[in-house]
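*Asks:* First to last, the sequence lines map onto chains A, B, C and D. Under the numbering used here, read the first sequence as residues 362 to 701, first letter to last. Under the numbering used here, read the second sequence as residues 362 to 701, first letter to last. Under the numbering used here, read the third sequence as residues 362 to 701, first letter to last. Under the numbering used here, read the fourth sequence as residues 362 to 701, first letter to last. By construction, the Cβ of each residue, glycine as well, lies at the ideal position given by its N, Cα and C atoms. Just so you know, these numbers come straight off a predicted model, no measurement behind them.
There are 4 protein chains.
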Amino acid sequence: MKKSFASDNNSGVHPDILKAIEKANSGHFVSYGDDPYTDEAKNLFKEVFGEYTETFFVLTGTGANVCALQSFSDRFNAIICPETAHINVDECGAIEHALGVKLIDVETKDGKLTIDKIEKYLHFKGDQHHVQPKLISITQATEMGTVYTLKELEDLVQYAHNNDLKVHIDGARIANAAVALDCTLRSLTTDLGIDILSFGGTKNGMMIGEAVVFFEKEDVKYFPFIRKQNMQLISKMRYISAQFIPYIRDKLWYKNAKQANDMALLLYEKLYNLNPEMIVSRPEANALFVRIDKKIAEKMQNERFFYTWDEMEGIYRFMTSFDMEKEDIEDFVGFVASFF
Amino acid sequence: MKKSFASDNNSGVHPDILKAIEKANSGHFVSYGDDPYTDEAKNLFKEVFGEYTETFFVLTGTGANVCALQSFSDRFNAIICPETAHINVDECGAIEHALGVKLIDVETKDGKLTIDKIEKYLHFKGDQHHVQPKLISITQATEMGTVYTLKELEDLVQYAHNNDLKVHIDGARIANAAVALDCTLRSLTTDLGIDILSFGGTKNGMMIGEAVVFFEKEDVKYFPFIRKQNMQLISKMRYISAQFIPYIRDKLWYKNAKQANDMALLLYEKLYNLNPEMIVSRPEANALFVRIDKKIAEKMQNERFFYTWDEMEGIYRFMTSFDMEKEDIEDFVGFVASFF
Amino acid sequence: MKKSFASDNNSGVHPDILKAIEKANSGHFVSYGDDPYTDEAKNLFKEVFGEYTETFFVLTGTGANVCALQSFSDRFNAIICPETAHINVDECGAIEHALGVKLIDVETKDGKLTIDKIEKYLHFKGDQHHVQPKLISITQATEMGTVYTLKELEDLVQYAHNNDLKVHIDGARIANAAVALDCTLRSLTTDLGIDILSFGGTKNGMMIGEAVVFFEKEDVKYFPFIRKQNMQLISKMRYISAQFIPYIRDKLWYKNAKQANDMALLLYEKLYNLNPEMIVSRPEANALFVRIDKKIAEKMQNERFFYTWDEMEGIYRFMTSFDMEKEDIEDFVGFVASFF
Amino acid sequence: MKKSFASDNNSGVHPDILKAIEKANSGHFVSYGDDPYTDEAKNLFKEVFGEYTETFFVLTGTGANVCALQSFSDRFNAIICPETAHINVDECGAIEHALGVKLIDVETKDGKLTIDKIEKYLHFKGDQHHVQPKLISITQATEMGTVYTLKELEDLVQYAHNNDLKVHIDGARIANAAVALDCTLRSLTTDLGIDILSFGGTKNGMMIGEAVVFFEKEDVKYFPFIRKQNMQLISKMRYISAQFIPYIRDKLWYKNAKQANDMALLLYEKLYNLNPEMIVSRPEANALFVRIDKKIAEKMQNERFFYTWDEMEGIYRFMTSFDMEKEDIEDFVGFVASFF
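#1: What is the rounded straight-line gap between the Cα of Asp543/B and the Cα of Ile476/B?
#2: Please confirm whether Glu515/D and Gly472/D have their CB atoms less than 7 angstroms apart.
#3: For the region 375-391 of chain C, enumerate the residues whose C-beta is nearer than 7 angstroms to any C-beta of chain D, in chain order.
#4: Between which residues of its own chain and Asp556/D is the CB-CB distance below 7 angstroms, once the five residues before and five after are set aside?
#5: Go ahead and pull the three-state DSSP assignment for Ser548/A.
#6: Under 7 angstroms between the Cβ atoms of Ile606/A and Ala381/A?
#7: Entirely within the region 564-616 of chain C and at least 3 residues each: give me those beta strand (DSSP E) ranges in chain order.
#8: Beta-carbon of Gln593/B versus every beta-carbon of chain D: anything under 7 angstroms?
#9: Based on DSSP bridge pairs, tell me the residues matched to Ser498/D.
#10: Please return the same chain residues whose Cβ sits closer than 7 angstroms to the Cβ of Met598/A, not counting the five positions on each side in sequence.
#11: Which residue from Lys495/B, Pro376/B and Leu628/B puts its Cα closest to that of Leu613/B?
#12: What's the C-alpha gap between Thr669/A and Tyr677/A?
#13: Does Leu420/D get closer than 7 angstroms to chain C when you measure Cβ to Cβ?
#14: Which chain D residues sit within Cβ distance under 9 angstroms of Pro494/B?
#15: Considering only the beta carbon of each residue, do Phe696/B and Phe679/B sit closer than 7 angstroms?
#16: Is there contact here, the region 459-474 of chain C with the region 434-443 of chain C, by at least three beta-carbon pairs under 8 angstroms?
#17: Beta-carbon within less than 6 angstroms of Val572/B's beta-carbon, same chain only, minus the 5 sequence neighbours each way: which residues are those?
#18: Tell me, to the nearest whole angstrom, how far the beta carbon of Ile456/D is from that of Val492/D; I am working on the premise that it is less than 8 angstroms.
#19: On the DSSP bridge list, what partners appear for Phe433/D?
#20: Which residues mark the beginning and the end of the beta strand (DSSP E) in which Ala446/B is found?
#21: Within its chain, find whatever has a CB closer than 7 angstroms to the CB of Tyr482/D; leave out the 5 residues flanking it on each side and keep chain order.
#22: Closer than 7 angstroms, CB to CB, is Tyr600/D near chain C or not?
#23: By the DSSP assignment, the alpha helix (DSSP H) with Met661/B in it spans what residues?
#24: With a 10 Å radius around its C-beta and 16 neighbouring C-beta atoms as the bar for buried, classify Phe700/D as buried or exposed.
#25: Does any CB atom of chain B fall closer than 7 angstroms to the CB of Glu674/C?
#26: Could you check if Ser372/A is buried or exposed, using at least 16 other CB atoms within 10 Å of its CB as the buried criterion?
#27: Which same chain residues end up closer than 6 angstroms to Leu628/B when comparing Cβ atoms and leaving out the 5 residues on each side of it in sequence?
#28: Name the two residues that bound the continuous beta strand (DSSP E) containing Ala367/C.
#29: Should Phe355/B be flagged as near chain D, meaning a C-beta pair shorter than 7 angstroms?
#30: Starting from Thr416/B and walking both ways along the beta strand (DSSP E), at which residues does that stretch end?
#31: Check the C-beta distance from Ile587/B over to Leu420/A and give it rounded, since I have them as a contact under 8 angstroms.
#32: Determine, using beta carbons only, whether Val651/A and Met661/A come nearer to each other than 7 angstroms.
#33: Determine the DSSP secondary structure at Tyr482/B, reduced to helix, strand or coil.
#34: Based on the DSSP secondary-structure assignment, which residues constitute the bridge partners of Thr669/C?
#35: Within 10 Å of its beta-carbon, does Arg534/D have 16 or more other beta-carbons around it, so buried, or fewer, so exposed?
#36: Rank Gln604/D, Leu474/D, Lys655/D and Ile569/D by C-alpha distance to the C-alpha of Leu405/D and give the top, closest one.
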């Protein structure tokens, strides 16, 4: 069976994750997270992010973002994000629906938020006519396949904190970012002073499960209520928690993301050799953006589906997954080549 | 390991469900429900509930209720439910939070809504000062362990429809109700004219997964948006759908609920023999309510946890699960007996 | 023209209020409350309630309640109130709509909340499955025409504060209550430790305008945003503020409420003489509840409208207004007498 | 006393409006709009906009917009508007707070929405991951002082309707637009197929009061509930309605707006003569945008307040009001001239 380059969530579940689920299926445990699997998984997160951090498990990426952002925003606040942000474009308005706050989305070319884009919205601070910016939300790796450098993040966090803004990372693909930057998860988050993190699992080899990581103990006080009322508290929690055990303990997060990133690079190299015109930019994580003539692209999509990213510009996205091998790339490149 | 009588969600996953998950873990599939497992599961629901019904899969019982109720309510509507309803008491205000509507909760002794309780709230219809009742929401089997008879449901539905109210069933334990009534799922829902159903899976041997069943095609039009913005759309949907395949096809829903109900009856009989004073009422589904002296109950709870139902009245709840056997009941009765 | 006994908002505007509006209509002033009329009115409130209090003007009673309650509640909180509360019954779900929180309404006979009714909802504190009670909201004078004594309020406030609950008074008719209790507004609020007050103007001789009074400076920090986003900030604020100047400075609040209360008592006495069976109870503020045969009541309502309070019980409400005189009462009693 | 060029809401109330309020202050009337003043005012709106239209009175411009937009949007919808829109910038997030929907704001230079800006957001239609655009909201005259031509509106409405989008006009200054275009209110709205209108009163000589105009009878069905739950239903409605009687019947809307527009033109001409460099563009309604050196502007603002429009670009706004005369303009021009 051909593997899909449409999205990293078209893949299945890593065998070790499945084994962990099976292992958790023994006997009765208290529900809603008061079980040994959840304890173990939460402790593993402390080892990764630091002893003062607190982690909670939720069900979907959108759920992680909503719960994380509710934790730091009041009803009259605004959240500043890039216009490409998943929370802005791909969550059917979940943030506005659940939180009632405004997303201030700023134009970007590469999916990255920059200080100069934030600045003009801070003039509104203190004026009763305007929503009050309280958070910035950035995605790492971004929806455009780019990765913020540690220096870029450091500057953003410093600017945000100087201006009384909290920093949220949508880390649906934070593993891919850490691999791309060749750094630890902690150096990407805790060490930079990030305030809250949506930590992705599903796109990188898990079945169902995301985590919300808090970096200050006092911030978590109301999170259990926030998670429950946003429909993210599952009764048989152990089956989510159990997945995170090998994912963190055995560094599956790293191995899976490394494989996906490597395969994206291989795909890039081979397509570049095929036709350098096609390439929009060298992939930084596991997404490659290519330029294809619309008619050809449509023929290709009919055979093997992938996403149109910018219909006007004729840009398409190929994503690699944790379970792809060299042969999958070669096969796909052959498929692409057959259209030219 | 001792099995828990605290709740039916303390149990694990039925082996056939786990096998179905494993089987689904092969290769790549389009995400968000456009996969063959989801197609198959949805078709199985049509076989059970009728060809005009449409089913969508969601993640939690609270999520199923929120999405179902959003589908039929506008922002100025109210939903009438018993005060004991899960949506009223146990969902941390998810309905009010996500929908912004009022729950009108009416007093009940046995968890059942009755026509005379609804009546007085219909005087408000058409008056701009009052929220407008649009739905009644009932739980079957109820949170009090009781089961509406088919006649009771029929009367409620007729009354509701005559008064321009839709009928929602919170069916977290609808399997236990069908077993208790010895009727088909269809005769409990479609045949009675129910408008929308939260169909439970997790409490009856599944891992994660609930379904929302619509009985009229035109009602589903906006459900995909509602599900997404309420954080109930999982990317790797096949792992939810796959669980429903044996659950429906192999009548696991029936077998599991039958076992749980039978064990509740066995527990009742044995405890009745031990001490008839202890029994509040004969169980109709898989919950048995008992009266225990507070001090004794606390000692018992320290050893094997179960829920206090009414602290004032000294009433406690024992729940049986799909995976309990005669020996589990005997063991638990022995445990209880040791305190007297 | 006959005066209406349907509600105290059927009356017009006191001539001194109208004069104050006319006086404010001279020249240009900065909008949204940064004008000398607003300053003066706010200072008058400080004189009444204490120098540490802060007052904001809003447009409607529902608006005052929503803004007041938003100031003290987070999205997962609940507000405990009597089932008869205006916020629960008469505001078309504004609280749930604007705040997304649950109202826990408790049964009462006389419209008063009591400690024993609150108690059972505090068991839920700290449990993630349940909304968290954060406020109690009481109405003074109540919707049932009764008035909490100072001792009753003192006990409620103490109980609430001991249990980490804030106390909100819906004071749409607080003037009538102060008159009834023969006490100052301060002794009814500030001195008892009330946390926030919706202070009514419209029902007692003003044209449009209510106030929200805070008793601790730090609580007001975000109120300007809350008022604006709840559509309660009027641009030409001076015309609201100007009304409060004679209302407070010249004790119009007292004179008007005294007249309304006195007339209610006179009405009661005369109807009692007519037929003691008709009387439900002696009025404490400006509402008199009477028992009339349904058929007769309908005939009366066709000629001069008044509200049915309890259709089942055949109870009706007569309200007196600030502008009623002895002759209005005699005329109305004559009207009533003509039906018997 | 000097008149303010900061905003048209710094002015007071037209004497005829005040007289209408005084006249309404006679005796008792049923509250909440069931009174003869409201009937008369509603009928006058029918005469202006057409016999099939229905008008409701509300309290604030933000309230009018929220209620109007709630009438046509479901919780998963989006509203497309210019980034300069009052609903987007100046209402403290009221739309997101009250409705939970997303505002998609598009960049504009002149405050006008254009078809090419809408187009890209329609690709999302039908995709469950994206909020569904349901309305466009435009402001006439715009916040940038510009006025859509009838042809521009006609094209926008046709495009919107062809794409299943409703059209809302924020008409806080629709009177100024009608004067600028020298057309009737009906030709600007009903005749173009507009779906709903926020009709402003306060900025053009009224005290408090806006209207929401519906153009199809079936659309109004739920508006009374929407108005009430959004805190826009005033009990003593006659005092709002009464203002609209001379405003519509005596064409005060026209006279007032004509005067304000004429004075803006006079101001423009005189400042152009003083220094043509200062002028950003010729005013179309009653707002003039000027370019001033920041330091000078600050000195001016200290003496007579006016708003900074674009701090980066050094652009400031002067607004004229209905009650300004030639002498006020000359005085203000003299004031400006004294700084150069």
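*Replies:* According to the structure shown:
#1: 25 angstroms
#2: no
#3: Leu379, Glu383, Asn386, Ser387, Gly388, His389, Phe390 and Val391
#4: Phe433, Lys527, Val528, His529 and Phe576
#5: helix
#6: yes
#7: 571-575
#8: no
#9: His529/D
#10: Ser392, Tyr393, Gly394, Asp396, Thr399 and Phe418
#11: Pro376/B
#12: 5 angstroms
#13: yes
#14: Per Cβ cutoff of 9 angstroms: no residues; Pro494/B is ~12 angstroms from chain D at best.
#15: no
#16: yes
#17: According to the sequence shown, residue 572/B is Ala rather than Val. So the qualifying residues of the chain are Thr416, Phe418 and Phe560.
#18: With 8 angstroms as the limit, Ile456/D and Val492/D do not qualify as a contact, their Cβ atoms being about 13 angstroms apart.
#19: BP columns for Phe433/D are empty, so no partner.
#20: Taken as a continuous stretch (DSSP letters only), Ala446/B belongs to no beta strand (DSSP E), as it is neither H nor E.
#21: Ile441, Ile465 and Pro494
#22: yes
#23: Lys655 to Glu664
#24: exposed
#25: no
#26: buried
#27: Leu649 and Ile690
#28: Where Ala367/C is concerned, there is no enclosing beta strand (DSSP E), given that its DSSP letter is neither H nor E.
#29: Here chain B has residues from 362 to 701 only, and residue 355/B is not among them.
#30: Glu415 to Val419
#31: Not a contact, Cβ separation roughly 16 angstroms.
#32: no
#33: helix
#34: Tyr677/C
#35: buried
#36: Gln604/D
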